[in-house]
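J.:
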Amino acid sequence: MVRREFHYLFAALIWASAALMITTKGIIAYCSVPQTQLWWLSAITVATLVSFFFIFRRVARRYIDHIAALPDRSYLWNTFSQRGWTLLLFMMGLGIMMRCLPNIPQQFTASFYSGLGPMLLLYSLRFLSAIWTVGGKTNL
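In this note's numbering, each residue's number is its place in the sequence shown (first place is 1) plus 497.
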């Protein structure tokens, strides 16, 4: 059994590790795209960033509220609900499947991953900030 603060840290680590892998792949893909395509790929990246900002804001809030409602000490697998774990496994499986498909264009990887990764990283920081701010008190 771990303290509630560790649940926030664990969630942040899961989201941040995914963010770093995805962002790295997006940046590498951007390097292999012709410069003539950069303007419209950048526009798609910005649209992806904005979309995931609103999606992850709701999801992260739900997870943070779930963790805040846990007892002071609980098992690590309680960090996410069953639905949350299912979503995480589905998204990981989808990402693995996308990497295994040979015909995914570099333009898609560059724009989508460069939008998804930074938003995952931003909200992993939100989990870290929840350690200190949930309930308006210092939790450490």
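Here a beta-carbon is modelled for each residue, glycine too, at the ideal position from N, C-alpha and C.
Taking T520 and L618 to be in contact with their CB atoms under 8 Å, please state how far apart those CB atoms are, rounded to whole angstroms.
T.: On the sequence shown, residue 520 is found 23 positions in, with the first residue counted as 1. On the sequence shown, residue 618 is found 121 positions in, with the first residue counted as 1. About 7 Å; that satisfies the 8 Å criterion.
J.: Just to confirm the assignment, what range does the alpha helix (DSSP H) spanning L625 have?
T.: Here residue 625 corresponds to residue number 128 of the sequence shown, with the count starting at 1. Unbroken alpha helix (DSSP H) run through L625: 603-630.
J.: So which of D562, M594, M616 has the shortest CA-CA distance to T630?
T.: Within the sequence shown, numbered from 1, the residue matching residue 630 stands at position 133. Among D562, M594, M616, the Cα nearest to that of T630 is on D562.
J.: Classify T606: buried if its beta carbon has 16 or more other beta carbons within 10 angstroms, exposed otherwise.
T.: Along the sequence shown, one-based indexing puts residue 606 at 109. Buried, because 16 or more other Cβ atoms sit within 10 Å of the Cβ of T606.
J.: Quick check on V499: does DSSP put it in helix, strand or coil?
T.: Indexing the sequence shown from 1 puts residue 499 at position 2. Reduced to three states, the DSSP call for V499 is strand.
J.: I need the straight-line Cα distance from L625 to G523, nearest angstrom please.
T.: Along the sequence shown, read from residue 1 onward, the residue named residue 625 stands at position 128. Along the sequence shown, read from residue 1 onward, the residue named residue 523 stands at position 26. Using only the alpha carbons, I get a separation of about 24 Å.
J.: In whole angstroms, what separates the C-alpha of T576 from that of Y620?
T.: In the sequence shown, residue 576 corresponds to position 79, counting from 1. In the sequence shown, residue 620 corresponds to position 123, counting from 1. In a straight line, the C-alpha of T576 is about 15 Å away from that of Y620.
J.: Count the other CB atoms, across all protein chains shown, that sit within 10 Å of the CB of S529; report buried if there are 16 or more and exposed otherwise.
T.: Numbered from 1 along the sequence shown, position 32 holds the residue referred to as residue 529. Exposed, by the Cβ-count rule.
J.: Taking DSSP as the reference, what is the three-state secondary structure of N636?
T.: Counting from one through the sequence shown, the residue named residue 636 turns up at place 139. Since pLDDT at N636 reaches only 45, below the 50 mark, its modelled position is unreliable, and the value read off the structure follows with that caveat. Note: N636 maps to coil in three-state DSSP.
J.: Closer than 8 Å by C-beta to W582: which residues in its own chain qualify, once you throw out the five before and the five after it? Chain order, please.
T.: Along the sequence shown, one-based indexing puts residue 582 at 85. Result list for W582: W574, in chain order.
J.: According to DSSP, simplified to helix, strand and coil, what is S548?
T.: One-based indexing of the sequence shown puts residue 548 at position 51. Helix at S548.
J.: Classify S611: buried if its beta carbon has 16 or more other beta carbons within 10 angstroms, exposed otherwise.
T.: Within the sequence shown, residue 611 is the residue found at index 114, counting from 1. S611 should be labelled buried.
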